[in-house]
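In terms of full-length UniProt numbering, the sequence shown has 287 at position 286, counting the first letter as 1, and numbering is strictly consecutive.
From the three backbone atoms N, C-alpha and C, an ideal C-beta is built for every residue, glycine too.
A short worksheet on the structure shown next.
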Amino acid sequence: KTKIVVVDKNVDEENSYTQAVDILKSGEVVAFPTETVYGLGADATNFEAVSKIFEAKGRPADNPLIVHVDSKETALRYVQEVSSKALDCMDAFWPGALTLILKAEPEIFASNVTADLQTVGIRVPNHPVALTLLQKLQLPLAAPSANTSGKPSPTLAEHVFHDMESKIPLILDGGATEIGIESTVLDMTSEPPVILRPGKVSKEQIEAVIGTVRSSSGNTSNVPKSPGMKYMHYAPTAPLYLIENEKGLIEKAIEYVQGKGKRIAVISETEYPMADFNFPLSMDSLYASLRKCDLTDADLILASVESGTKENDALMNRLEKAADHKWFS
Ligand code: TXA
Ligand code: MG
Numbered sequence: 002k003t004k005i006v007v008v009d010k011n012v013d014e015e016n017s018y019t020q021a022v023d024i025l026k027s028g029e030v031v032a033f034p035t036e037t038v039y040g041l042g043a044d045a046t047n048f049e050a051v052s053k054i055f056e057a058k059g060r061p062a063d064n065p066l067i068v069h070v071d072s073k074e075t076a077l078r079y080v081q082e083v084s085s086k087a088l089d090c091m092d093a094f095w096p097g098a099l100t101l102i103l104k105a106e107p108e109i110f111a112s113n114v115t116a117d118l119q120t121v122g123i124r125v126p127n128h129p130v131a132l133t134l135l136q137k138l139q140l141p142l143a144a145p146s147a148n149t150s151g152k153p154s155p156t157l158a159e160h161v162f163h164d165m166e167s168k169i170p171l172i173l174d175g176g177a178t179e180i181g182i183e184s185t186v187l188d189m190t191s192e193p194p195v196i197l198r199p200g201k202v203s204k205e206q207i208e209a210v211i212g213t214v215r216s217s218s219g220n221t222s223n224v225p226k227s228p229g230m231k232y233m234h235y236a237p238t239a240p241l242y243l244i245e246n247e248k249g250l251i252e253k254a255i256e257y258v259q260g261k262g263k264r265i266a267v268i269s270e271t272e273y274p275m276a277d278f279n280f281p282l283s284m285d286s287l288y289a290s291l292r293k294c295d296l297t298d299a300d301l302i303l304a305s306v307e308s309g310t311k312e313n314d315a316l317m318n319r320l321e322k323a324a325d326h327k328w329f330s
């Protein structure tokens with residue numbers, strides 16, 4: 002029931018896009034690649050269509066969606082009270098992995114896109130398939146990551162297929178996504194602007210363009226500005242623990258767990274031959290590695306946190322969420 006169309010190698014590319022556009026215009030959802038992760042797209046002006054995204058993902062209705070558009074010019078038709086800082090961010094980072102929270106132009110978006118907020122998260126993705134689709138569609142495309150809610154975001158079409166099989170009619174397969182974690186979310190309605198979700202576009206890069214921004218990562222208050230941040234995310238099935246990569250500690254942990262007759266998977270930059278399973282750890286491999294753990298019979302997963310990893314806000318944010326902040330000790 003779910004069809005996968007390979008767009009990058011397809012001889013009949015034009016037809017693939019036509020199919021996708023027709024499906025989207027008829028109010029159904031289509032999964033497509035972006036440079037960050039795969040998105041699950043629907044016409045952002047159509048309430049019924051957008052509700053199918055929530056249904057397919059099992060996503061809580063109070064978690065708003067990111068709207069994708071083909072250019073800054075298109076974005077400016079859908080938002081208002083755009084500050085010069087916001088314009089500077091668009092010029093500096095679009096197309097790219099930065100989502101801007103801005104005041105929405107009223108009466109454009111279906112209410113379930115914004116979860117009834119006055120604001121909207123909007124970005125221009127930097128991926129040829131996403132951009133071609135948006136140019137042909139000529140509609141704003143609401144798209145969260147194309148995973149089942151709570152599971153790691155998809156970085157391959159097969160991840161989308163695994164989660165969405167028979168729930169959606171079409172997946173555009175553009176190969177592996179380049180960045181591998183979701184966009185940075187920057188709230189431009191506060192002053193100074195606030196990073197609601199860290200991503201590939203770093204605080205330093207943003208500050209180089211617009212000056213001071215605040216960082217709200219690690220904010221677990223009950224009334225988060227970015228509703229999605231309160232939900233646990235990206236979790237594999239077996240319990241995942243973070244572990245400091247100090248001398249001998251990981252080996253000891255592996256021995257201890259195996260001594261109890263349990264199987265262990267290690268996600269790390271370097272391999273641990275004693276572990277039952279090893280998977281790579283980097284921004285672009287983390288989600289695939291978490292999904293691979295789910296395909297093993299590991300009872301426990303360790304993710305090795307190198308000293309360098311700790312300085313990577315975006316990667317640490319995803320690791321801590323996946324582990325639900327559990328450290329092995
Ligand atoms: O890289 C990405 O951003 C991917 C690709 C597909 O573009 N999309 C993505 O969407 O990660 P999603 O829905 O999984 O994450 C959207 C995040 C959530 O944390 C949500 O709460 C926040 O953006 N968000 C969306 N609209 C918002 C708004 N109006 N105010 C505050 N936060 C908002
Ligand atoms: Mg998501």
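Just grab the DSSP bridge partners of residue i for me.
i, result
"residue 1", "The structure shown does not extend to residue 1, since the chain is modelled only from 2 to 330, so the question has no answer here."
"Leu243", "Ala304 and Trp328"
"Phe33", "Gly40"
"Pro122", "Note that residue 122 is Gly in the sequence shown, not Pro. According to DSSP, which records beta bridges pairwise, Gly122 is partnered with Ile67 and Ile102."
"Gln81", "Lys104"
Look at residue i and residue j and say whether their C-beta atoms are less than 9 Å apart.
i, j, result
"Ala239", "Ala266", "yes"
"Leu171", "Asp71", "no"
"Val202", "Ser184", "yes"
"Met91", "Val125", "yes"
"Gly181", "Met317", "no"
"Leu157", "Ala143", "no"
"Glu14", "Glu179", "no"
"Asp325", "Leu197", "no"
"Ala43", "Ala50", "yes"
"Ile268", "Leu250", "no"
"residue 1", "Gly40", "The question about residue 1 has no answer here: the residues shown for the chain are numbered 2 through 330."
"Lys53", "Gly28", "yes"
"Leu303", "Leu187", "no"
"Leu134", "Ala21", "yes"
"Phe278", "Lys263", "no"
"Leu243", "Glu166", "no"
"Ile123", "His69", "yes"
"Val38", "Ser150", "no"
Within the same chain, show all residues whose beta-carbon is closer than 6 Å to that of residue i, passing over the 5 residues directly before and after it, in chain order.
i, result
"Asn313", "none"
"Pro193", "Thr213, Val214 and Arg215"
"Asn148", "Ser154, Pro155 and Asp164"
"Ile207", "Val214"
"Val258", "Ile265 and Leu301"
"Ile24", "Val31, Pro170 and Leu171"
"His128", "Pro34, Thr35 and Glu36"
"Phe280", "Ile268, Ser290 and Lys293"
"Ser330", "none"
Go ahead and pull the three-state DSSP assignment for residue i.
i, result
"Asn223", "Residue placement at Asn223 is poorly supported in this model, since its pLDDT is 38, which falls under 50; the coordinates are not used for a value here."
"Glu108", "coil"
"Asp71", "coil"
"Lys26", "helix"
"Ile169", "coil"
"Asp89", "helix"
"Ile268", "strand"
"Leu138", "helix"
"Val130", "helix"
"residue 338", "Limits of the chain in this structure are 2 at one end and 330 at the other, which puts residue 338 out of reach."
"Arg215", "strand"
"Lys248", "coil"
"Lys4", "strand"
"Ser52", "helix"
"Lys152", "coil"
"Lys261", "coil"
"Ala276", "coil"
"Asn47", "coil"
"Ala62", "coil"
"Thr238", "coil"
Near residue i, what residues of its chain come up, given a Cβ to Cβ distance below 7 Å and the 5 sequence neighbours on each side ignored?
i, result
"Met275", "Glu252 and Ile255"
"Lys104", "Val80, Gln81, Glu82, Gln119, Thr120 and Thr190"
"Glu307", "Asn246 and Glu270"
"Leu291", "Pro153, Tyr235, Pro237 and Ala323"
"Ala111", "Ala45, Thr46, Asn47, Phe48 and Val51"
"Val7", "Asp174"
"Leu77", "Val83"
"Arg319", "Ile182, Tyr235 and Leu287"
"Lys137", "Tyr18 and Val22"
If I measure Cβ to Cβ from residue i and keep anything under 8 Å in the same chain, skipping five residues before and after, which residues do I get?
i, result
"Ser84", "Met189"
"Ala315", "Ile182, Thr185, Pro199, Gly200, Lys201, Ser203 and Met284"
May I ask you to check if the CB of residue i is nearer than 8 Å to at least one heavy atom of ligand 4?
i, result
"Asp188", "In the structure shown, ligand 4 is absent; the only ligands present are ligand 1 and ligand 2."
ask   = Hey, which unbroken runs of the alpha helix (DSSP H) at 4 residues or more fall wholly within the segment 279-327?
value = 287-295, 308-311 and 314-323
message = Threshold first: 4 residues or longer. Then list the alpha helix (DSSP H) segments lying entirely within the segment 175-211, N to C.
response = 204-211
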